[in-house]
Amino acid sequence: MIDNAVLAKFEEDKVRPQHRAVFNTIRTAILTCAPQLEERMRGGTETYYGVPVYRLKRDIIALSPNAKGITISFTKGAQFIDPAGHLGGTGKASRTLAYSSKEGFDEQVLCDFVRQAIEVDEK
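Take the sequence shown: its letters are residues 2 to 124, numbered as in the working numbering.
Here it is as structure tokens:
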């Protein structure tokens, strides 16, 4: 579990004010649809800042703020079933969802991908 003070500092320093509502909505949705996941901060270096990640056996989801909103990265997302084409990315393993506001956020879509991430991690 992420220390509240650490998370508050991350949000203040890294998440743009206009994206904070969707950032918190995403966090809440992940933990609601998959309470078995552990939320923690992953590393960080002098070049890259740490980000919130969610894990079962391994890190399976990461939340990354950027200028346009919040990107949700699924470590093994290339293995997911995505008939509606919601996921972005073309790499060998990961796929992403991106949201810029609560208005465009779809909790059901996110939870479906969270469940798939858990299934892949449990294999």
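Note that beta-carbon positions come from the ideal geometry of N, C-alpha and C, so glycine has one too. This one's a predicted model, so the numbers in the text were calculated from it and none came from an experiment.
Hey, how far is the Cα of L57 from the Cα of V115? 11 Å
For the segment 76-83 against the segment 22-39, are there 3 or more C-beta pairs whose distance is under 8 Å? no
Own chain, CB closer than 6 Å to S101, minus 5 neighbours either side, in chain order: K69 and G70
Does the beta-carbon of I61 have 16 or more other beta-carbons within 10 angstroms, so that it is buried, or is it exposed? Around the C-beta of I61, 16 or more other C-beta atoms lie within 10 Å, and the residue is accordingly described as buried.
Would you check if the distance between the CB atom of V23 and the CB atom of R41 is smaller than 8 Å? no
For H87 and A6, I'd like the C-alpha separation in whole angstroms. 33 Å
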